[in-house]
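Here is the structure we will look at, set down as C-alpha cells.
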Amino acid sequence: MDFDRFLALPRPSALALAPDGSRLVAAIGQYDDASGKLISALWELDPTGATEPQRLTRSAGGESQPVFHADGSLYFVSARDDEKSALWRLPAAGEAERVCGADDVRIGGSTVVIATSMLPGSKDAADDEAQRKERKTSGILHTSSPVRVWGSELGPDETRLQVANGIDLTPTPGNALIETEYAAAPDGRTVIAKWFVSRGDWPLVQLVAIDTATGDRRVLAEDPEAGFYSPVVSPDSRYVVATRWDDPQPDTAPWVTLVLIDLETGERRDLVNDPAVWPSDSATPVFTPDSSALYFVADDHGDRPIVRVDLETGVRTRITDAGSYTSIQVAPDGSALFALHHDMDSPHAPVRVDLATGDVVRLMPSEVELPGRVERVEATAPDGATIPGWLLLPNTDGPAPLVLRVHGGPDASAGGWNWRWNPWWLVAAGYAVLLPDPALSIGYGKEFIERGWQGWGATVYDDVIALTDVVEQRPDIDATRTAAIGGSFGGYMVNWIAGHTDRFRCLISHAGIWHLAGFQGTADYSGYFARQFGTPEDRPERYAERSPSQYLKNITTPILVTHGGQDQRVPTSQGNHLFADLQRRGVESAYLSFPDEGHMILKPANARLWNQTMIDWLDRHLR
C-alpha cells in the first residue's frame, strides 16, 4: 500500500440512523482525481448488511453531517451552489432542496437547529450578505483570548445557533461558540451548548440550556476548575451527559469524567469517574432508547471499546473487544449498535454490533492489502513502568531498518487507524515502524499520565528509548539503521531526542515545539500551557529545563523539519527557529514548509509531497 493506494481508500466519517431504524446513511470521503481533493458523499447502507451500499449524493462540494428528521427526511450540510456551506433536505422520495445557510446541524424531534457563521450585528442571512459586500477591511479587533484556534484567526465572523429558518437563539455570541459543540433535546424544546466565557488567558467553559422558542439561556453546568464538553440529551429529554475536563495545573494532570445532569433541576453527579477509565473524545456518547443507560467509548490500552454504563447503578459493561469505535448509533429497539470500527491494521468501516450475541458485522467492504504485519511489544522503563507499543514489520527479506514514531497529543494513543500520518506507507517503503505509547498516553490510567506530566522530554524519552532498545534486539530489525520521527508533541520529542542522543541516523520533526517559552506565548491556547508549566516569568527554570532549544549544542544528527504556515497550535515560528538554529550550528538539515496548511498536512497533493519527502530523507540516511 503506497501513498496513492492509501489515498484511494474510502474514508467513512459519520453515521446517521433513521428514527425507525430502517435506514442507515454514512458520509464517506473519497479522493477525486479531477479536483485533487477529498470529497465526501452520502451513501445508503443496509442495516442488516445483506445488500451493497448505494450512493445517494454527488456534487463537487461534497456532503457531510447527515442526520435524520422525525419525518424520515435526511438533512445534511453541503456547499453546492456557492462557497458558503448550506443545510439541505433530502426527502425519502424526491430531490434534495436547500433549506438555509449552515455550517452544522442537529435535530431534536421536528426542531432543526443549525450553527452558522455571521458578522456581528447581522439581523439575518440577507443582512449578513449585504454587510460582507460592504466590508472593505480585513482588520479584526480582539478584546478577549484566544484570538486564533488551530488553523485560523477568530473573527470577524461569530458562530450563532439558530432554529432553521426561524429564531436566532444567540444573536450576540461573541466567541462563546468557538469550536461549537451542541445537542438538541429530542422534544425539540431545548438546545444544550458548550459556552466559552472569557477569563483572562484561559476561558471558563460552561454548559448552557437555550429555549428554542424564546432564545432564553441559562447556565446548566459550571465549574471554575473544569470545563464541560460534548453534551448529549437522553431520549426522554430529562438528562444531559457531558464530558468534564479538569483544567490543567502545574503539578497535577487533568482528568476526564462523564457527568449526568438533570435538565430541569440542574442537579449534577459523576456517572463515570474512575482513575482507570478515560472516556474518549473520539465518539459522542449515546443513550439507550429507554434513557436508562449510556453507551460511550473509552481509551483502553490502545483500543477504544464501546462501554455501557447504567445511569442508576453506575455499573459498566464492556460491549466490544479489539479495535476502536466511533460515531455510535443505537437501534430504536435497543437490540443493536451501529458504529465505525477501525484498528491498527484496518481502516474505518461501518459495522453492526448485535447486543445479544456480541457479533460484529461489517456493512461495507473495507479490506485493504497491507504491506506487512503488526505485533504488540512492550518494555520496562527505568522507573519500572510497563511501556506498550506496536511494531509494524514489512514483507521483506532480512532485517529491516527501524523508524521510531512518537505520537502527538500528548494525551493520545498510537493505537487505531490514522488517516493523517499513517505508518503503513513507511512499511510499504521497507521500513519497520515502532509506535510507542509512552508516559502521558491515555488508556493506561491516571498514574501513567501523572508520571510524565512534569516529565515532558525526560520521562517520555526514557520510555521510548526503553522500547527502542527492546525492539533493536530482534533478529528482524537492523539496529544499525534507525531513525526517529514525530509530529506536534511527537515533533517536540524528536527535537528533545536530537539534543540527548546521537544513536539515530536521522530525524524528522513535524510541527514540533522547539523553544518552549516562545511557544507558550504564541500558541492558540497559550493559557493551557501557562497553567500546566506556570508562566516563563514565574518558572523560568522549568521552561529552560524542558525546552529542546536548550540542548542545541549537543545536536549532530541530520534533521528534516516540516511545518504548516497556518499552524496556530504550534506556530510556524517554532519550525523557523529550529531550522535557523540548525543551519547556524552547521547541522545537516532541510525545511519543508507548506504556507497553505495548518497543524496537519491535509491537502492530498501536499500530503503526497510531504510523505515522499520524508521517505526520501529516510532513504538518504538509512539505505
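Per numbering that gives the first Met the number 0, the very first residue in the sequence shown carries number 0; after that it's consecutive.
Beta carbons: idealized from backbone N, C-alpha and C, even for Gly.
On the premise that S77 lies in contact with W87, defined as a C-beta separation below 8 Å, what is that separation, rounded to the nearest angstrom?
-> 5 Å
For D342, which beta-bridge partners are listed by DSSP?
-> S345
Between R375 and A292, what straight-line distance do the alpha-carbon atoms span, to the nearest angstrom?
-> 33 Å
Hey, could you find the ends of the beta strand (DSSP E) F625 is sitting in?
-> Because the chain here runs from 0 to 622, residue 625 falls outside it and cannot be looked at.
What beta strand (DSSP E) runs, 3 residues minimum, are completely inside the stretch 150–178?
-> 157–162
Of the residues V360, H340, P437, the one placed nearest E377, counting alpha carbons only = P437
Give a yes or no on whether the C-beta atoms belonging to R317 and S281 are separated by under 8 Å.
-> No, they are not a contact pair.
Of the listed residues P9, T189, G138, A15, nearest to Y30 (C-alpha basis) | P9
Using three-state DSSP, classify Y430 as helix, strand or coil.
-> coil
In chain order, which continuous runs of the alpha helix (DSSP H) of length 4 or greater are located wholly inside the stretch 266–337?
-> none
By Cβ distance below 8 Å, which residues in the same chain neighbour S21 in space, the five residues on each side in sequence not counted?
-> P46
Limits of the beta strand (DSSP E) - the one that R656 falls within | The displayed coordinates of the chain run from 0 to 622. Any statement about residue 656 would go beyond what the structure contains.
Simplified DSSP assignment, three categories, for I558 = strand
Buried or exposed: where does Q161 fall if 16 or more other Cβ atoms within 10 Å of its Cβ makes it buried?
-> buried
Host alpha helix (DSSP H) of T521 (start-end) = 515–521
My understanding is that G485 touches I512, with C-beta atoms under 8 Å, so please give their C-beta distance in whole angstroms.
-> With 8 Å as the limit, G485 and I512 do not qualify as a contact, their Cβ atoms being about 11 Å apart.
Tell me which same chain residues have a C-beta within less than 6 Å of the C-beta of S627, skipping the five on either side of it?
-> No answer is possible for residue 627: the residues shown for the chain start at 0 and end at 622.
Provide the residue(s) that pair with H509 in DSSP beta bridges, ordered along the chain.
-> G486, T561
Do you know offhand how far D566's Cα is from D123's?
-> 32 Å
Using beta-carbon positions only, say whether A297 and V276 come within less than 8 Å of one another.
-> Yes; because the gap between Cβ atoms is below 8 Å, this pair is in contact.
Can you give, in chain order, each stretch of the alpha helix (DSSP H) that sits fully within the stretch 528–601 and has at least 4 residues?
-> The stretch 528–601 contains these whole alpha helix (DSSP H) runs: 539–545, 571–584.
Apart from the five residues on each side of it in sequence, which residues of its chain come closer than 7 Å, Cβ to Cβ, to G60?
-> S77, A78, R79
Apart from the five residues just before and just after Y527, which ones in its own chain have a Cβ nearer than 7 Å to its Cβ?
-> W201, P247
At least three beta-carbon pairs within less than 8 Å, the stretch 552–560 to the stretch 495–502 | yes
Roughly how many angstroms lie between the CA atoms of Q519 and T158, to the nearest whole one?
-> 27 Å
Which residue's Cα is closest to the Cα of G533: D102, P249, L41, V463?
-> P249
So which of E368, V426, V359 has the shortest CA-CA distance to P346?
-> E368
Below 8 Å between beta carbons: does that hold for G657 and L439?
-> There is no way to answer for residue 657, as the model of the chain reaches only from 0 to 622.
With W244 and G226 assumed to form a contact (beta carbons below 8 Å), what rounded beta-carbon distance in angstroms separates them?
-> 5 Å
Exposure label - G333; buried when at least 16 CB within 10 Å | exposed
Integer-rounded CB distance, given that G456 should sit under 8 Å from R545 = That belief holds up - the Cβ atoms of R545 and G456 are roughly 5 Å apart, short of 8 Å.
Any idea which residues DSSP pairs V218 with across the strands?
-> V207
Out of G107, R237, T251, A7, which has the shortest C-alpha to C-alpha gap to G451?
-> Of the candidates G107, R237, T251, A7, the one whose C-alpha sits nearest the C-alpha of G451 is T251.
Which class does Q611 belong to by DSSP, given the choice of helix, strand or coil?
-> helix
In three-state terms, what does DSSP make of R502?
-> coil
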